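What follows is a short report on a single structure.
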Amino acid sequence: MISYALKTTTKFLNMAPSMIVPQTPYEICHSKLASYKYLGVWGSPAYVKRLVGNKLDSRSSLCRFVGYLKETAGYYFYDLSEKKVFVLRNAVFLKKGFFVNSRHDEVLLEETSEAAQQNDATSFEHMISTYSVPVLHRLTRESRPPDRYRFLGLTSQLDNDPRTYGEAMPDINSNKWLEAMRFEMDSIGSNQVWTLVGPPKGVKPVECKWVYKRNFGTDGEVTAFKARLVAKGYTQRPGVDFEETYSPVAMAKSIRILLAIAAWYDYEI
């Protein structure tokens with residue numbers, strides 16, 4: 000944990016001004032002010048979503064925040080139960096007041112005589128015989144749990160799949176993602192999805208990106224790692240490449256329906 004603490008301290012120092020130089024090191028290097036919105040207290044507790052386990056297991060686990068990723072958005076967390084560090088993009092940080100002080104004050108008991116105990120027992124029996132117990136009515140108002148328990152529902156909605164290649168490589172499952180990417184490229188090559196050619200002069204080709212997704216079984220275990228290479232369609236420009244298609248895909252049952260219609264009407268295919 001010492002190395003993570005030193006890296007986090009260095010990051011904070013690079014974002015803080017000094018008496019000698021009015022600008023921060025971050026501002027000097029990047030020519031812009033640093034954002035402090037995502038910074039957290041080192042070692043602060045946080046609940047993160049569990050990706051393994053069955054339906055009866057907890058949906059989140061208590062971890063400690065120990066650092067930031069260098070190039071991409073994300074955090075390093077130390078799992079208290081598994082004793083290991085992993086990378087995660089989203090988490091629910093606990094705020095002050097979530098923990099209750101478990102320290103108990105010392106209780107001093109005084110010794111009493113036998114006669115005093117008998118007198119107390121007699122008076123207690125008399126109090127029970129003369130005291131009338133009131134009838135209790137059940138409250139009808141609806142109660143709800145405190146706000147500090149709401150984070151338990153939020154952790155189940157966190158999406159921890161990498162969104163970019165830069166997020167997939169520092170992930171603890173980077174080998175699985177690389178294997179999925181190789182499988183996708185081999186599939187593209189074997190199916191001859193495209194032919195590599197040089198772009199026309201003065202034309203900027205449409206870029207592509209990787210889309211990552213985990214598949215889970217009924218028991219919550221990860222069954223497969225999927226990686227898909229897709230084109231950035233939002234970069235197309237009307238009049239230039241807006242009407243272009245890259246990999247037309249049709250469902251098998253749609254093709255069978257068209258072939259059946261052609262056979263029924265004796266059309267040429």
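Just so we're aligned: 228 in the working numbering is position 229 of the sequence shown, and the numbers increase by one with no gaps anywhere. Cβ coordinates follow ideal geometry from the N, Cα and C atoms, glycine included. Just so it is clear, the structure is predicted and the values come from calculations on it, not from any experiment.
- Our two residues, VAL192 and LEU228, have alpha carbons roughly 11 Å apart in a direct line.
- Going by DSSP, TYR233 is part of no alpha helix (DSSP H) at all; its letter is neither H nor E.
- In this chain, the alpha helix (DSSP H) harbouring PRO24 covers 24-29.
- Beta-bridge analysis with DSSP links GLY66 to TYR75.
- In this structure, the beta-carbon distance from LEU38 to ARG63 does not fall below 9 Å.
- Shortest Cα-Cα distance from ARG181 to any of ILE256, TYR211, TRP41 and PRO204 involves TYR211.
- GLY66 is positioned such that its CB atom lies no closer than 9 Å to that of ALA15.
- In the DSSP assignment, no residue is bridged to SER80.
- Looking at the DSSP output, TYR211 bridges to ALA226.
- Secondary structure of TYR164 (DSSP, three-state): helix.
- In the three-state reduction of the DSSP assignment, LEU61 falls in the strand class, which pools E and B.
- Taking 8 Å as the upper bound for CB-CB distance, TYR46 and LEU68 are not in contact here, some 19 Å apart.
- ALA262 counts as exposed, since fewer than 16 other beta carbons sit within 10 angstroms of its beta carbon.
- One Cα belongs to SER17, the other to PRO161, and the distance between them is close to 37 Å.
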